[in-house]
Amino acid sequence: MINRRTFARTASAGLTAAVLAFAAPASAQDNGELVYMTPGLDLAFWRYVSEGVKSVAEENGYGFSALDSTNDPQTQLQNAQDAIARGVAGIVLSPTDSSTAPAVLQLAQDSGIPVVIADIGTDSGEFVSVIGSNNYEGANGVGEALAAAMTEAGKTDATVGIVGISQARLNGQARTKGFKDALTEAGIEGDAGLQQMQAYTADETFKFTQDMITSNPGMGAMFVQTDGPTLGALRAIKAARMDGDVLVAAFDGIPEFVPLLQSGELVVSGMQQPYLMGVRSAEAMVEHLGGGTPEKEITVPILIVTSANIEEMLPTIKETVFANEIE
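Now the structure itself:
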């Protein structure tokens with residue numbers, strides 16, 4: 001099992017020099033094709049990872065395609081079979097969860113196709129490198145910021161709810177533990193329960209939040225473990241006329257978070273840097289295919305972005321989180 005707390009390398013925020021270092025004069029597809037297999041391109045996070053992989057693939061003369069697993073292990077397996085059948089040069093894999101990754105890794109190993117894992121992790125199997133974030137530390141930082149806001153608002157006796165990503169994923173387990181440890185350290189013990197996402201949509205989290213508010217009248221805060229669904233939580237809080245009564249912390253980042261952080265409607269978000277993660281993943285694959293030996297575990301830092309530091313962090317966020325999709 002991959003232990004994300006032991007990742008050996010901290011990736012820098014600067015992209016240009018790193019990408020250019022791997023650039024080659026070859027034209028697109030001269031070196032074959034790199035495929036990015038993703039849980040779902042409907043989630044902004046995975047789309048940004050995809051853009052990072054694509055940028056390095058094309059800089060180095062590889063063709064590129066993204067295969068959407070639609071959060072379904074069978075679709076993921078079929079995508080792997082299709083990629084292998086057409087003889088791709090390498091696969092960058094973000095698995096649907098850690099327990100489904102080994103089947104893909106075994107198929108690729110049997111066919112001699114290298115795999116780099118981008119986020120989530122795997123329970124077992126052979127791979128070139130795993131590129132990820134320290135989800136425990138990131139969620140711990142989110143918990144610290146939320147606890148400080150709760151203390152300032154006089155809500156330390158309130159309960160806190162969690163809408164989590166799959167707890168079958170190693171990163172989901174780490175986010176829950178890191179966040180809870182921070183609350184415990186701050187003396188906040190009230191628990192409004194944990195709901196696990198299946199559809200990863202705002203509407204799903206809207207319903208989860210409604211249920212939490214109804215069953216926990218004293219709920220004073222909540223943590224949503226990924227980006228888009230956070231908008232559903234905020235919508236449910238508004239519908240219940242509890243703006244400001246339930247403080248919201250998030251994980252990851254989408255452009256909609258910027259004004260929400262600026263206004264204080266969102267207290268904090270632990271933003272992974274998905275574009276940078278995609279860049280690092282493709283760089284590891286290109287290094288391997290060129291005969292090099294990339295580091296086995298590569299960490300991309302998580303940015304703890306709050307209402308207090310959003311303006312200072314914005315230039316970095318625009319590039320490494322949002323893939324320069326916003327002005």
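Heads up: the sequence shown at position 82 corresponds to 82 in this note's numbering, and the numbers run straight through without jumps.
C-beta atoms are modelled at their ideal positions from N, C-alpha and C, and glycine is treated no differently.
Taking residue i as the reference, which of the options has the closest Cα?
{"i": "Thr184", "options": "Ser281, Ala158, Ala118 and Gln196", "result": "Ala158"}
{"i": "Asn134", "options": "Ala145, Lys177, Gly161 and Ser124", "result": "Lys177"}
{"i": "Pro102", "options": "Val286, Gln74 and Val88", "result": "Gln74"}
{"i": "Pro315", "options": "Ala308, Glu327, Ile304 and Thr306", "result": "Glu327"}
{"i": "Val130", "options": "Val321, Ser307 and Thr299", "result": "Thr299"}
{"i": "Gly87", "options": "Glu137, Asp110, Ser99 and Ser98", "result": "Asp110"}
{"i": "Phe257", "options": "Val286, Ser307 and Ala149", "result": "Ser307"}
{"i": "Gly193", "options": "Gly187, Thr214 and Asp203", "result": "Thr214"}
{"i": "Phe251", "options": "Ala174, Lys238, Thr100 and Arg235", "result": "Ala174"}
{"i": "Phe223", "options": "Ser124, Gly270 and Val49", "result": "Gly270"}
{"i": "Gly218", "options": "Val286, Gly228, Met242 and Ala236", "result": "Met242"}
{"i": "Leu266", "options": "Val279, Ala284 and Leu247", "result": "Leu247"}
{"i": "Ile254", "options": "Ala236, Leu231 and Gly264", "result": "Leu231"}
{"i": "Ala239", "options": "Asn216, Gly187, Lys207 and Gln225", "result": "Lys207"}
{"i": "Gly290", "options": "Thr156, Pro114 and Arg169", "result": "Pro114"}
{"i": "Glu297", "options": "Asn31, Met277 and Gly52", "result": "Met277"}
{"i": "Gly328", "options": "Pro39, Asn171, Thr96 and Ala148", "result": "As displayed, the chain neither begins before 1 nor continues past 327, which places residue 328 out of reach and without an answer."}
{"i": "Ser124", "options": "Gly112, Lys54, Ser50 and Val104", "result": "Val104"}
{"i": "Ile310", "options": "Ala282, Val268 and Met37", "result": "Val268"}
Per DSSP, residue i forms a beta bridge with which residues?
{"i": "Ala168", "result": "Ala168 is not bridged to any residue."}
{"i": "Val339", "result": "Residue 339 falls outside the range modelled here, since the chain spans only 1 to 327, and no answer is possible."}
{"i": "Ala221", "result": "Val160 and Leu247"}
{"i": "Ile117", "result": "Leu93 and Val130"}
{"i": "Thr38", "result": "Asp68"}
Could you check whether the Cβ of residue i sits closer than 9 Å to any Cβ belonging to chain B?
{"i": "Gly90", "result": "Included in the structure is just one protein chain, with no chain B present."}
Could you check what DSSP says for residue i in three-state terms: helix, strand or coil?
{"i": "Glu327", "result": "coil"}
{"i": "Glu185", "result": "helix"}
{"i": "Thr214", "result": "helix"}
{"i": "Glu33", "result": "strand"}
{"i": "Thr6", "result": "Note that Thr6 scores 33 on pLDDT, short of 50, meaning its location in the model is unreliable; the coordinates nonetheless yield the value given after this. Here Thr6 sits in helix by DSSP."}
{"i": "Gly52", "result": "helix"}
{"i": "Leu194", "result": "strand"}
{"i": "Phe206", "result": "helix"}
{"i": "Thr226", "result": "coil"}
{"i": "Ala199", "result": "coil"}
{"i": "Thr122", "result": "coil"}
{"i": "Ala28", "result": "Its pLDDT being 44, under 50, Ala28 is placed unreliably by the model, and the measurement read from it follows with that caveat. If DSSP states are grouped into helix, strand and coil, Ala28 belongs with coil."}
{"i": "Ala18", "result": "Residue placement at Ala18 cannot be trusted, given a pLDDT of 36 that sits under 50; what the coordinates show is reported in the next sentence. Correct three-state label for Ala18: helix."}
{"i": "Gly112", "result": "coil"}
Could you check how far apart the C-beta atoms of residue i and residue j are, in whole angstroms? I think they sit under 8 Å.
{"i": "Leu93", "j": "Ala118", "result": "7 Å"}
{"i": "Pro274", "j": "Phe45", "result": "5 Å"}
{"i": "Ala85", "j": "Val35", "result": "Not confirmed; about 11 Å, so no contact."}
{"i": "Asn71", "j": "Tyr200", "result": "7 Å"}
{"i": "Ala249", "j": "Val142", "result": "5 Å"}
{"i": "Met197", "j": "Gly164", "result": "7 Å"}
{"i": "Pro229", "j": "Glu204", "result": "7 Å"}
{"i": "Gly161", "j": "Asn216", "result": "7 Å"}
{"i": "Tyr136", "j": "Val321", "result": "With 8 Å as the limit, Tyr136 and Val321 do not qualify as a contact, their Cβ atoms being about 20 Å apart."}
{"i": "Ala168", "j": "Thr209", "result": "Actually they do not touch by this definition, with Cβ atoms about 22 Å apart."}
{"i": "Thr122", "j": "Pro39", "result": "Not confirmed; about 13 Å, so no contact."}
State yes or no: is the C-beta of residue i nearer than 8 Å to some heavy atom of the ligand GDP?
{"i": "Lys296", "result": "Although the ligand GDP was asked about, the structure shown includes no ligands whatsoever."}
Legend entry - Inside the region 57 to 110 only - alpha helix (DSSP H) runs reaching at least 4 residues: 73 to 85
Legend entry - beta strand (DSSP E) runs contained entirely in the region 228 to 315, provided each spans 3 or more residues: 247 to 251, 268 to 271, 297 to 299 and 303 to 306
Legend entry - beta strand (DSSP E) segments (min. 3 residues) lying fully within the region 126 to 159: 129 to 132
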